[in-house]
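These notes concern the structure reproduced below.
Protein chains: 2
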Amino acid sequence: MKPDLTHAAQRCPVLSKARPDTRKLLVESASLRRLDRSDSLFLHETHADQCFVIVFGWIKLYRILPNGSEAIIRMHTAGETLAFADCLRDGQHQTGADAASEATVLCIPAALLREAIASDPDFGRILLTNSFDQIDSLNEQLESLKCQTAIQRVGCFLRRHARLREGRLVVLLPFEKGLVASYLGIKPESLSRALGRLKGHGVRSGREEIEISDPAALDALIHDDAGSLAYTG
Amino acid sequence: MKPDLTHAAQRCPVLSKARPDTRKLLVESASLRRLDRSDSLFLHETHADQCFVIVFGWIKLYRILPNGSEAIIRMHTAGETLAFADCLRDGQHQTGADAASEATVLCIPAALLREAIASDPDFGRILLTNSFDQIDSLNEQLESLKCQTAIQRVGCFLRRHARLREGRLVVLLPFEKGLVASYLGIKPESLSRALGRLKGHGVRSGREEIEISDPAALDALIHDDAGSLAYTG
DNA sequence: CGCCCTCTTGAACCAGTTCAAGCGCAGTGG
DNA sequence: CCACTGCGCTTGAACTGGTTCAAGAGGGCG
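Spelled out as structure tokens, the structure:
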């Protein structure tokens, strides 16, 4: 295995659980690609002949809307897989994918992926489990979009991306705020105002870095009154 | 196979593609359950020892929010599978499930599902493909919630559920409007007003049945200006 | 310095919610 | 048979969260 990929493979739920020889097959025959911000990884509705594991950075999945602008469907980061579904169905990419930050991805030829599945019966199981986990995460996003206000969604986003760093709980924004906004289903202006309003709820937002100074206060805001849009049958 | 299940199995993407003996195994050993509206199929965070194929009717997946109301995550209907993921991971149900209308479901013991996967290597592949399709559909829902207005979402919902019936394009509302609203991420009042506004765009809404008299007009509304919330990076 | 790009801020506007009232219909009981 | 009641749906009026449009601040870079 290429030395710089060992760590990446450990972070990846699919590769790390795969049988060593399967992992070796996938990683050794794959190529590594570096992307700058806004470089394109693949285009919507093109034939899927490669799938990807993100080693580093962020990739956005998007679709072009009738009016020409792009809808951000999902954001993916290190360890996550891309386009496995498109490859296995031997079809077209369901979305486009661009780098949202500097990024490195492992590019696995579709044939290799099929070979791994054919030769390692457990590997299919691993993919299935991974795919179930993705469905869970999508269900949560749906719930969040349907039942939370923009400010609560911003709060959840911050909590999810916060990391301990020298004793402080900090969010290093992984990509532009405009993109964060779009991912959350709001406009950049609204995100800006939301961050402003969160200052009263345990959040200190600087440029490039946001600190959660009072996680409890933020959690209270997130959970309080969540469900103003819920079904009361 | 029980005679009344042949048709149901054909409608189900998972069962219909499975090897005949696998299908037989699953269907014959499963039990059939009838549900009235609002009967519970399983509860959130209970152990998943059965999975389900919907034979008839609608099932809603929901989660109880901190404030006690319920968030509608997804709606499922005939042919669709439920809780396969929860069973295979041998875990708890990720959501609760209630009948949203009268419904009939095929209840498959978890052990049986595992047996099918173990004895039929293709069956895992079929589940994987099915799970990929679900992810696609969830991606589309996310896109819709992020980039479309409530009225456009209502329009899409109508198009998706419209069926030709005696030459007219008709939507028989599968369940209460309050539930439709919640599924679409809006309040019942807003759904009511949306249907009112759609009257000017090729939709005639009566009680229990909505007719799409001018599909082209409706489509125009749906696509026109879609993406007011999109990312313009 | 000047240009570009991202982010912020303000004011007007609009979509969708909230609250409250009323309607239509099914079920119930007199 | 009809009043009573309960529930789902609609409608109206006031309100709020988020958008829109426009202007300005701040930073990076040639």
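Heads up: the sequence lines are chains A and B, in that order.
Residue numbers for the first sequence, in my numbering: 1 to 233.
Residue numbers for the second sequence, in my numbering: 1001 to 1233.
For every residue, glycine included, the Cβ atom is placed at its ideal position computed from N, Cα and C.
Which partner residues of S1040(B) appear in the DSSP bridge assignment? D1098(B)
Using CA coordinates, which residue listed in S182(A), Q141(A), I210(A), L145(A) is at the minimum distance from R168(A)? I210(A)
Using alpha carbons as the reference points, say which of G1091(B), L1025(B), V1053(B), I1126(B) lies closest to A1099(B). V1053(B)
Which same chain residues, not among the five before or five after I1072(B), have their C-beta less than 8 Å away from its C-beta? K1060, L1061, Y1062, L1179, S1182, Y1183
Please identify, using Cβ separations under 7 Å, the residues of the region 140-162 of chain A that lie next to chain B, in order along the chain. Q141, L142, E143, L145, K146, C147
Got a sec, what are the start and stop residues for the beta strand (DSSP E) S31(A) sits in? 31-35
Hey, out of D86(A), S16(A), G155(A), whose CA is closest to D295(A)'s CA? Given that chain A is displayed from residue 1 to residue 233, the structure contains no residue 295(A) and the question cannot be resolved.
Where the region 122-133 of chain A meets chain B: residues whose CB sits under 9 Å from a CB there: G124, R125, L127, L128, T129, S131, F132, D133
Distance between L43(A) and S69(A) (C-alpha atoms, nearest Å): 15 Å
When the Cα of W58(A) is compared with those of D49(A), L65(A), T77(A), which residue comes out closest? T77(A)
Note down the Cα distance separating G1091(B) from V1171(B), rounded to an integer number of angstroms. 37 Å
When you compare only the Cα positions, how much space is there between R11(A) and D1049(B)? 31 Å
Under three-state DSSP, which class holds F52(A)? strand
Under a CB-based cut-off of 8 Å, is I1135(B) close to chain A? yes
Under 8 Å, Cβ to Cβ, is there at least one residue of chain A near G1079(B)? no
Alpha-carbon to alpha-carbon, T22(A) and I1117(B): 21 Å
DSSP-derived helix/strand/coil call for H1093(B): coil
When the Cα of E208(A) is compared with those of S190(A), K199(A), D219(A), F175(A), which residue comes out closest? F175(A)
Chain A residues whose Cβ lies nearer than 9 Å to that of S1026(B): In the sequence as presented, Ser is not what sits at residue 1026(B); that position holds Leu. Per Cβ cutoff of 9 Å: no residues; L1026(B) is ~17 Å from chain A at best.
Taking 8 Å as the cut-off, decide whether the C-beta atoms of F1123(B) and R89(A) are in contact. no
Within 10 angstroms of the Cβ of A1194(B), are there 16 or more other Cβ atoms? Answer buried if so, exposed if not. buried
Report all residues from its chain with a CB closer than 8 Å to the CB of L1025(B); omit the five preceding and five following residues, and keep chain order. L1112, E1115, A1116, S1119
What is the rounded straight-line gap between the Cα of I108(A) and the Cα of A18(A)? 15 Å
Measuring straight from C-alpha to C-alpha, what distance separates I1186(B) and S16(A)? 41 Å
Go ahead and pull the three-state DSSP assignment for C1087(B). helix
Taking Cβ-Cβ distances below 7 Å as the criterion, which residues of the region 1161-1186 of chain B are in contact with chain A? G1178, L1179, S1182, G1185
Helix or strand or just coil, what does DSSP make of R1168(B)? strand
I need the DSSP call for R1207(B), collapsed to helix, strand or coil. coil
Cβ closer than 7 Å: which chain B residues qualify as neighbours of I73(A)? N1139, L1142, E1143
Integer-rounded CB distance, given that L1218(B) should sit under 8 Å from I1212(B): 6 Å
When the Cα atoms are used, what is the spatial distance from S38(A) to S101(A)? 7 Å
Just mark G206(A) as buried or exposed, buried being the case when its beta carbon has 16 or more other beta carbons within 10 Å. exposed
Taking S1137(B) as the reference, which of R1160(B), D1036(B), V1027(B), E1028(B) has the closest Cα? R1160(B)
In angstroms with no decimal places, state the Cα-to-Cα distance between S1192(B) and T1095(B). 28 Å
A1103(B) CB to nearest chain A CB: under 8 Å? no
Helix, strand or coil: how does DSSP classify T1149(B) here? coil
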